[in-house]
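To start, the structure under review is shown below, and the notes come after it.
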Amino acid sequence: MTMSLYSGSPGSYKSYHATDDIIHWVGRGKNVIANYPVNAAKFYKGVRLKRCGKFVFKPNTELTIDYLLKFAKENHKPGKLKAQTLIVIDEASIMFNARQFDRQDRMEWVNFFANHRHFNFDVILIAQNDRMLDRQIRGLLEYDIKHRALKNWNLAAAIASLVFRGLFHCVEYWYPCKIKTATHLKRFNKRIANCYDTMALFNFKDNKSEQLPEAAKQPAKQTARLDVEALRLKLREKRGATNA
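According to the numbering used here, the sequence shown is numbered sequentially starting from 38.
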């Protein structure tokens with residue numbers, strides 16, 4: 038039972054890697070709790086779908102210590118030494134930002150992460166950099182898996198990534214001593230990518246339903262024209278001063 042950090046710059050496939058773990062974790066009949074939606078039904082069909090574990094989507098406001106402890110009490114079998122539920126927190130720097138160490142629930146989370154093995158949880162935090170997380174929480178990490186998209190390395194790597202439709206490199210470090218323990222080259226799978234949509238967290242509405250009337254748009258156009266005229270006058274004044 039481990040607590041890992043998936044780090045990397047935007048577009049380095051770290052959220053995709055976590056989604057891959059979620060899909061295969063659920064496929065083994067285990068449970069997953071995450072703060073972004075994943076639909077395993079898009080990957081598993083028929084009998085395999087029936088054998089899947091439970092996936093629970095909880096936004097940050099509902100992902101609390103009380104909920105996790107209640108979930109463990111209702112779903113975990115006592116006496117087992119292996120993790121029974123995976124917790125995945127994307128953009129973990131929002132919940133555990135290093136500059137918000139004085140939050141009321143911070144010590145509760147620190148205490149929970151320090152004892153997550155006793156409740157049979159595995160934990161994956163996703164952030165661009167470990168420095169974005171609270172120092173006390175960083176001290177509880179066991180592994181830091183750094184992600185790099187091959188398309189951003191060089192021309193040869195970009196061509197290889199294009200041929201294989203997406204490649205990314207993962208380097209695993211044992212966090213307490215910063216020792217490299219493993220390295221993996223992974224390939225993008227569109228079936229897995231289709232299972233999650235982080236944009237579903239935002240309630241975007243149809244633009245057609247919120248179109249402004251033409252009358253409301255007129256002042257903006259007039260202001261833009263006035264700005265252009267003002268710029269022209271300034272240019273003329275500068276030219277006149279230069280000629281003088």
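We put the CB at the ideal spot given by N, CA and C, even for glycine.
The structure presented is a predicted model; accordingly, all values stated were derived computationally and were not measured.
Exercise. A82: which of N72, L162, G64, H113 sits nearest, CA to CA?
Worked result: Against the sequence shown, residue 82 aligns to sequence position 45. Checking the sequence, you will find Lys at residue 82 rather than Ala. The shortest C-alpha separation from K82 is found at G64.
For this session: Could you tell me whether the Cβ atoms of L42 and L162 are closer together than 8 Å?
Result: Counted from its first residue, the sequence shown places residue 42 at position 5. Counted from its first residue, the sequence shown places residue 162 at position 125. Contact: yes.
Problem set entry | Helix, strand or coil at H153 [DSSP, three-state] | Translated into the one-based positions of the sequence shown, residue 153 becomes position 116. Reduced to three states, the DSSP call for H153 is helix.
For this session: For N191, count neighbouring C-beta atoms within 10 Å of its own C-beta (all shown protein chains included) and say buried if the count is 16 or more, exposed if not.
Result: Along the sequence shown, one-based indexing puts residue 191 at 154. With fewer than 16 other Cβ atoms within 10 Å, it is exposed.
For this session: Please name the residue, chosen from V147, I182, L222, that lies closest to A194 on a Cα-to-Cα basis.
Result: Here residue 194 refers to the residue found at position 157 when the sequence shown is read from its first residue. Of V147, I182, L222, the residue nearest in Cα terms is L222.
Exercise. Ends of the alpha helix (DSSP H) at F133?
Worked result: As a working mapping, residue 133 is identified with position 96 in the sequence shown. That residue, F133, is in no alpha helix (DSSP H); it is neither H nor E in DSSP.
For this session: Would you check if the distance between the CB atom of L290 and the CB atom of A151 is smaller than 8 Å?
Result: Residue coverage of the chain in this structure runs from 38 to 281, which leaves residue 290 outside it and unanswerable.
Problem set entry | S44 - containing beta strand (DSSP E), residue span | Translated into positions along the sequence shown, residue 44 becomes position 7. Here the beta strand (DSSP E) through S44 covers 40–44.
Exercise. Which whole-angstrom value describes the C-beta separation of D166 and S44, a residue pair presumed to lie in contact below a C-beta threshold of 8 Å?
Worked result: One-based indexing of the sequence shown puts residue 166 at position 129. One-based indexing of the sequence shown puts residue 44 at position 7. The sequence shown places Asn at residue 166, not Asp. Indeed they touch by this definition, with Cβ atoms about 6 Å apart.
For this session: Might you give, ordered along the chain, the residues of its own chain that have their beta carbon closer than 6 Å to the beta carbon of F80, omitting 5 neighbours on each side?
Result: Reading the sequence shown from its first residue, position 43 is the one you call residue 80. Cβ neighbours of F80 beyond the five flanking positions: I60, R228, C232.
Problem set entry | Own chain partners of Y104 with C-beta closer than 8 Å, once the 5 adjacent residues on each side are dropped | The residue you call residue 104 lines up with position 67 of the sequence shown. K95, listed in sequence order.
Exercise. Comparing alpha-carbon positions, which option in F156, A78, D171, A129 lies nearest D139?
Worked result: Reading the sequence shown from its first residue, position 102 is the one you call residue 139. With distances taken between Cα atoms, D139 lies closest to D171.
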